[in-house]
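S.K.:
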Amino acid sequence: MKELQERIKKEGIVVNQDILKVDSFINHQVDPLLMEHIGETFAEYFKNHGITKIATIESSGIAPALMTARCMGLPLIILKKQPSSILNDSLYHTQIISYTKEISYELTVASSVISEDDHVLIIDDFLANGEAATGAIRLLRKAHATIAGVGALIEKSFQPGREKLVSQGFDVYSIVRIRHMSEDGIEFIED
């Protein structure tokens, strides 16, 4: 998607060879028109996958996941990073390690919003090491839901996330794939 590539080139900040900041249009400030186009792109790619629900991990994945859910006419499930003190006995739980933030956190979802009848598409902002997606898959499988695929806005293809997910049989679709990045620029993989 050229639109997202251009925004990354224009506004993205390469912190180092592993970290790309997209705060001005995805993370801290969200461009709703860009998110609408991203939702349309995911909806088109995954339209024949029999999806019943969209899921994302709070918080940067919410905007693109919501737009994807809207385009597909499906509900959005938000996987929480903090357990609810009210719903604690009716949650599925798993642990995830964030390599970017260098922390471990508990990921939860209410058992009332997911079931064995669901075929779920996971949407996230970045795919790097695949830990967030793997944790989301693990959590959704606790409810015996099946996984329709994983969609990422930005994939760092030089990190092992895609390979990890594809080797497990998951359909992975990234809107933008980065081959290499440094302070000198970003090299995209052209599809």
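When the letters of the sequence shown are read in order and numbered with the numbering used here, they come out as residues 13 to 203. Where a beta carbon is used, it is the ideal one built from N, C-alpha and C, also for glycine.
Whether or not the stretch 107 to 124 and the stretch 39 to 55 are in contact is what I'm after, with contact meaning three or more pairs of Cβ atoms, one per stretch, closer than 8 Å; do they touch?
M.R.: Touching, no, given that fewer than three Cβ pairs across the two stretches are closer than 8 Å.
S.K.: Considering only C-alpha positions, which residue in the set Thr158, Leu165 and Ile190 is nearest to Ile63?
M.R.: Among Thr158, Leu165 and Ile190, the Cα nearest to that of Ile63 belongs to Thr158.
S.K.: If you drop the 5 nearest sequence neighbours on each side, which residues of the same chain put their C-beta closer than 7 Å to that of Leu151?
M.R.: Excluding positions up to five away in sequence, the list reads Leu91, Tyr104, Thr106, Leu119 and Val121.
S.K.: Are the Cβ atoms of Val188 and Phe200 separated by less than 8 Å?
M.R.: Their beta carbons are under 8 Å apart, which means Val188 touches Phe200 by this criterion.
S.K.: If Ile69 and Lys93 are in contact, beta carbons under 8 Å, what's the gap, nearest whole angstrom?
M.R.: The pair is a contact, with the Cβ atoms about 7 Å apart (cut-off 8 Å).
S.K.: Within a Cβ cutoff of 7 Å, which residues of the same chain sit near Glu195, ignoring the five residues on either side of it in sequence?
M.R.: Taken in chain order, the residues that qualify are Val26.
S.K.: Name the two residues that bound the continuous beta strand (DSSP E) containing Ala140.
M.R.: Per DSSP, Ala140 belongs to no beta strand (DSSP E) and is neither H nor E.
S.K.: With the cut-off set at 8 Å, would you say Ile166 and Ile149 are in Cβ contact?
M.R.: Their beta carbons are not under 8 Å apart, which means Ile166 does not touch Ile149 by this criterion.
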